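This report refers to the structure that appears directly beneath it.
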Amino acid sequence: MFKMYIPKEGMRVFEVGCGTGTNLKLYQQAGCEVYGIDLSPSMVKAASKKLGEQADIKLGDASQMPYSDGYFDLVIAMLTLHEMPNSIRPLVKLINPQYPSKQDHL
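Numbering (the working numbering), first residue to last: 685 to 790.
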């Protein structure tokens with residue numbers, strides 16, 4: 685995923701089902717602001733530890749997002765959307781329309 689979207693410094697990247705934060709760490713190291721959500725308290729704890737205070741990692745369900753429409757430049761979800769088909773539309777609204785990710789892959 686990281687190779688598909690070369691990050692630009694300052695991009696806001698959100699991962700649904702962020703797990704331990706491994707994917708987000710790559711974006712963080714590239715200078716992106718990183719955000720994530722996961723259903724598992726242990727995964728949220730691990731991701732928060734790995735990414736530090738600069739990251740915004742939340743425990744929760746992607747169907748109820750605490751962010752405004754268009755807030756993110758890139759939303760990634762690896763191996764998670766099949767678990768929550770009703771959450772796809774709300775996620776699309778979170779993507780900033782100026783970035784190609786929304787148009788290219790939905």
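Beta carbons: idealized from backbone N, C-alpha and C, even for Gly. Bear in mind that the values here come from a model prediction, so they are computed numbers and not experimental data.
Pairwise C-alpha distance: residue j and residue i
i: V759; j: V697; result: 6 angstroms
i: A731; j: G754; result: 24 angstroms
i: L743; j: N707; result: 17 angstroms
i: V718; j: D745; result: 17 angstroms
i: K692; j: L723; result: 28 angstroms
Collapsed DSSP secondary structure at residue i in the structure displayed
i: Y719; result: strand
i: K742; result: strand
i: H766; result: Confidence is the limiting factor: at H766 the pLDDT is only 48, short of 50, which leaves the residue's position unreliable, though a coordinate-based value still follows. Looking at H766 - three-state DSSP - the assignment turns out to be helix.
i: Q748; result: coil
For residue i, the first and last residue of its enclosing beta strand (DSSP E)
i: A761; result: L758 to A761
Endpoints, alpha helix (DSSP H) assigned at residue i
i: K734; result: P725 to L735
i: K709; result: T706 to Q713
In DSSP terms, what residue i is bridged to
i: E699; result: G720 and I760
Cβ-heavy atom distance, residue i to the ligand MN, below 6 angstroms
i: A731; result: Because no ligand of any kind appears in the structure shown, any question about the ligand MN cannot be addressed here.
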